[in-house]
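Read top to bottom, the protein sequences are chains A and B.
Per this note's numbering, numbering through the first sequence is continuous, rising by one, with the last residue being 338.
Per this note's numbering, numbering through the second sequence is continuous, rising by one, with the last residue being 590.
What follows is a short report on a single structure.
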Amino acid sequence: MIAVQDLVKRYGDSLAVDGVSFTADAGRIFGLLGPNGAGKSTTIGCISGLVEPSSGSVSVLGHDVQRDARAARQTLGIVPQELAVYEDLSATENLEYWGAAWGLAGADLRSRVREVLSEIGLADRAKEPVKRFSGGMKRRLNFGAGIVHRPKVLLLDEPTVGVDPQSRVKLLDLVRAQAANGTCVLYTTHYMEEAETLCTRLAILDHGKMLAAGTLEELRARLGELDLVFFGGRFDVARGRAALASLGSIEVVQASESEFALACAEASKRLPQLLGALGSAGEVRETTLKRPSLESLFIKLTGKELRE
Amino acid sequence: MNALVRATALKDLRERLRDPAALALWVGIPIVIGVLMSLGMGGSSGPKPKSPLYVVDHDETFVSKGLGLAFERGPFAELFDVSTPTEHEARAALADDRGSALIVIPKGFGAALLRDEATELELVENPAQRILPGIVEQTLALVPELAFHLNQLIGPDLRARFESFDDHEPSDTEIVALSLELRHQIERLQKFLFPPVLELTTEAASEGDANTGFSFGAAFFPSLLFMSLIFLAHGFAEDIWKEKRQGALRRLVASPQGLAGFLLGKLLGALAIAAPIAAVGLAIGWSAFDMPAARLPLAWAWLVLAMALFWCLFALVQVTSSSERGANVVGNMVLFPLLMLGGSFFPFEVMPSWMAAIGRWTPNGWALTRFRGWLERDASVGAIALAFGAMVVLIAAAFAFGARRLERSFVRN
């Protein structure tokens, strides 16, 4: 449903998106995961027609978004990061506006608006001006405005930013419901746990490059069953590397005078051994152990934690 | 109509009507300015402000005093407040922009005038004023001509009489004698000067007729209407940046109907508010300032089109600015010079001619000039059609450029 091939977007000398390729299917949630500035929003912008790609191609339901823009856009729904709702209007009026923007009218528009209001849990507040809504309610309405015209492809650009936990759960349920109805959902986030629980396929982006892509299982397999262990303190990097090398089966992900990040199997059992090795190269003040996860894969791929 | 156009117009209309305070502010500011300026300039009735006129009389003869008194009589009395300070005080006052002009009457002026000899009057004008010093100058320019004709007609007889006043103030008896002398001379000349070809019948003017003179309120009212529309257009166009900031444009760009429809909807939404305001304004003009009823539909259509032009121009400012703050700054930089030059703050009549000439070619000045012209006198259908055609072309050009800019770069940056 969405096919992105060798997508490049250049702003002057800087590359915002650098050769990204992936496909997203109907009835599935495809996650674009990465820190701020990774190129997720630019990629979504290229798909929605907001951003013109420097090279590469993007098609939605077989329609090229550049050459056959109108047909491609007819199938698209977008939920931007910003709250694209009008505060002086009611929830009903907001949904009517966005439905009309995609060509809905008359009885079809009115019945669809009622349906969406019920889905997003705002039916009982439908006539109130949005400025009286809580942040979570506005987020749900923002989501509703993106689906009111029954899009076949839904682009969600970090829709849960700044949302309270309860509203986040509700929003994620709404996203799952869209996929269950056969919609192709492209979901960008920098929340690892969201991506892990929501997405069937994922691509990890950083600095515009796609570092890895696949199902959650495929990505975990790339990490193996390795745990990540962080040691904070003060170290002689060369002596630390040498001491760890002597232990065998330990991958140094990152090493600096203040921190060592290691990947190894069954790290909890090997902690005394690791502490001893790094203790001989300096002073260990803090230790953190992480089980295999998307975050640990991201750290393994980039050598750094996911930035907010 | 395109669904997006209709939906955007309706959405904007609802938003405006739910924020009546903002609407009242946009319409209210020009009304407050107009009322204050009208009051400051004397309004449509009541005493008119006078400007000081200084007369320094070094001659102090009956003739020189008569010249000073001339500016305290008749129509001059409504314009000038004549005083006789010292020359130094008068010059200082003019330098401080207090007063319109100073007339310096030299010693020997009266005698020279009666003997038909060369003499000089000095007129010092306030350079900051234009109209009132001009009136004084033109009036003084008549003095030599008047003196010449008086000398030709009754000079020898009156000269002896005036010269007798040089060494003392004339007594009541002498003034009565002079009056009788003048009357006698005028009656003698009447058959030559005033042949009885026309008979003048006079009657008391009605109170309504008495108020048909210059009314700043009436002259300023069209300017006020345009000022309201410009403020509205400026305020409404600022919404474009707000819509970008809140992500509405980011979502709309993915819609199949394009952003031109959105922009057109916003324009129609603005007109839906401005059109009734213009109608109410014209109704006020009709009842308070006798705007001709038959011409009001044309005036209304013109006001609505003018609003469309102003909105398109301010929308252009918005979509060509790289930030919301920049758009606000540039918008205000365009707004106030347009108001000042284009006849919205001050009628063209009170501007220096060079400024009025420039102002009449600003978009609002051009529209205001035609608006006032059509209300004040008949215009040919051709001239009206030409003006409407030009207006539509201007609106279309500004809109097309704005829509292109919105689609190509504004939303995407």
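Every residue, glycine too, gets a C-beta built ideally from N, C-alpha and C.
Here the structure is a predicted model, which means the values were calculated and not measured.
Please report the distance separating the alpha-carbon of residue i from that of residue j.
| i | j | result |
| --- | --- | --- |
| Pro-469 of chain B | Phe-397 of chain B | 16 Å |
| Glu-384 of chain B | Trp-418 of chain B | In this predicted model, Glu-384 of chain B has a pLDDT of only 43, less than 50, meaning its place in the structure is not dependable; the value taken from the coordinates is given anyway. Approximately 54 Å between the Cα atoms of the pair. |
| Glu-264 of chain B | Ala-534 of chain B | 37 Å |
| Trp-543 of chain B | Arg-537 of chain B | 5 Å |
| Ile-108 of chain A | Glu-226 of chain A | 22 Å |
| Gly-278 of chain A | Thr-332 of chain A | 22 Å |
| Leu-202 of chain B | Ile-329 of chain A | 56 Å |
| Glu-289 of chain A | Glu-224 of chain A | 28 Å |
| Leu-445 of chain B | Met-214 of chain B | 32 Å |
| Ala-382 of chain B | Met-532 of chain B | Bear in mind that the predicted position of Ala-382 of chain B carries a pLDDT of just 42, short of 50, making it unreliable; the figure below should be weighed with that in mind. Approximately 38 Å between the Cα atoms of the pair. |
| Leu-187 of chain B | Gly-442 of chain B | 8 Å |
| Gly-192 of chain A | Arg-170 of chain A | 12 Å |
| Ala-251 of chain A | Asn-505 of chain B | 54 Å |
| Leu-377 of chain B | Glu-255 of chain B | Reliability of the predicted coordinates at Leu-377 of chain B is poor, the pLDDT of 44 falling under 50, and no value is obtained from them. |
| Ile-352 of chain B | Phe-466 of chain B | 47 Å |
| Glu-248 of chain A | Lys-421 of chain B | 39 Å |
| Gln-104 of chain A | Val-183 of chain A | 10 Å |
| Ile-407 of chain B | Arg-144 of chain A | 40 Å |
| Gly-520 of chain B | Val-569 of chain B | 21 Å |
| Met-167 of chain A | Gln-111 of chain A | 15 Å |
| Ile-561 of chain B | Gly-458 of chain B | 21 Å |
| Arg-581 of chain B | Leu-493 of chain B | 10 Å |
| Ala-425 of chain B | Thr-185 of chain B | 11 Å |
| Asp-349 of chain B | Thr-261 of chain B | 23 Å |
| Arg-97 of chain A | Ala-131 of chain A | 21 Å |
| Glu-316 of chain A | Leu-232 of chain A | 32 Å |
| Ala-485 of chain B | Arg-183 of chain B | 17 Å |
If residue i and residue j are in contact, beta carbons under 8 Å, what's the gap, nearest whole angstrom?
| i | j | result |
| --- | --- | --- |
| Gly-435 of chain B | Glu-584 of chain B | 7 Å |
| Ile-454 of chain B | Arg-193 of chain B | That pair is no contact at about 11 Å. |
| Arg-195 of chain B | Ala-114 of chain A | No, Arg-195 of chain B and Ala-114 of chain A are not in contact; Cβ-Cβ is about 18 Å, not under 8 Å. |
| Val-199 of chain A | Arg-142 of chain A | 25 Å between Cβ atoms; not a contact. |
| His-411 of chain B | Phe-491 of chain B | 5 Å |
| Leu-563 of chain B | Thr-539 of chain B | In fact, because the Cβ distance is near 19 Å, the residues do not count as touching under 8 Å. |
| Gly-61 of chain A | Thr-219 of chain A | 7 Å |
| Lys-239 of chain A | Asp-48 of chain A | 5 Å |
| Ala-180 of chain B | Gly-133 of chain A | 6 Å |
Can you check whether the CB of residue j is closer than 8 Å to the CB of residue i?
| i | j | result |
| --- | --- | --- |
| Leu-235 of chain A | Leu-91 of chain A | no |
| Leu-319 of chain A | Ala-293 of chain A | no |
| Val-301 of chain B | Leu-323 of chain B | no |
| Leu-201 of chain A | Thr-190 of chain A | yes |
| Val-507 of chain B | Ser-498 of chain B | yes |
| Leu-230 of chain B | Val-313 of chain B | yes |
| Ala-452 of chain B | Phe-413 of chain B | no |
| Val-430 of chain B | Leu-80 of chain A | yes |
| Pro-433 of chain B | Arg-100 of chain A | yes |
| Arg-547 of chain B | Trp-479 of chain B | yes |
| Ala-54 of chain A | Gly-69 of chain A | no |
| Arg-271 of chain A | Ala-291 of chain A | no |
| Arg-264 of chain A | Glu-313 of chain A | yes |
| Ser-84 of chain A | Arg-40 of chain A | yes |
| Phe-52 of chain A | Ala-243 of chain A | yes |
| Leu-3 of chain A | Ile-77 of chain A | Missing from the structure shown is residue 3 of chain A; chain A here goes from 31 to 338 and no further. |
Going by beta carbon distance, what residues of the same chain come within less than 6 Å of residue i, once the five residues before and after it are set aside?
| i | result |
| --- | --- |
| Ile-59 of chain A | Ala-209, Val-215, Tyr-217, Leu-228, Cys-229, Thr-230 |
| Ala-273 of chain A | Ala-307, Ser-310, Ala-311 |
| Phe-253 of chain B | none |
| Gly-390 of chain B | Note that Gly-390 of chain B scores a pLDDT of 46, beneath 50, so its modelled location is shaky and nothing firm can be said. |
| Phe-576 of chain B | Cys-489 |
| Trp-128 of chain A | Ala-175, Val-178 |
| Asp-386 of chain B | Note on Asp-386 of chain B: pLDDT 42, under 50, position unreliable in the model; the coordinate value appears next. Hits under 6 Å: none found. |
Please return the same chain residues whose Cβ sits closer than 7 Å to the Cβ of residue i, not counting the five positions on each side in sequence.
| i | result |
| --- | --- |
| Gly-205 of chain B | none |
| Val-259 of chain B | Leu-230, Val-232, Gly-245, Phe-248, Glu-249 |
| Pro-310 of chain B | Ser-277, Ala-278, Glu-302, Asn-303 |
Tell me which residues share the same chain as residue i and place their Cβ nearer than 8 Å to its Cβ, disregarding the 5 neighbours each side in the sequence.
| i | result |
| --- | --- |
| Phe-522 of chain B | Ile-210, Met-214, Ser-400, Met-404, Leu-516 |
| Leu-147 of chain A | Ala-121, Thr-122, Leu-125, Ala-153, Ala-156, Gly-174 |
| Glu-117 of chain A | Pro-159, Val-160, Lys-161 |
| Ala-56 of chain A | Met-31, Lys-182, Gly-212, Thr-213, Cys-214 |
| Ala-199 of chain B | Arg-193, Gly-412 |
Contact criterion: CB-CB distance below 8 Å. Does residue i meet it with respect to chain C?
| i | result |
| --- | --- |
| Gly-424 of chain B | Absent here is chain C; the protein component of the structure consists of chains A and B. |
*Any contact of the region 228–243 of chain B with the region 280–294 of chain B, i.e. 3+ C-beta pairs under 8 Å?*
They touch, by the three-pair rule.
*Kindly confirm or deny that the region 465–482 of chain B and the region 547–559 of chain B touch, where touching means at least three C-beta pairs closer than 8 Å.*
Touching, yes.
*Does the region 249–266 of chain A come within contact of the region 81–91 of chain A, defined as at least 3 CB pairs closer than 8 Å?*
Contact check between the region 249–266 of chain A and the region 81–91 of chain A: fewer than three CB pairs, one atom from each, fall below 8 Å, which does not count as touching.
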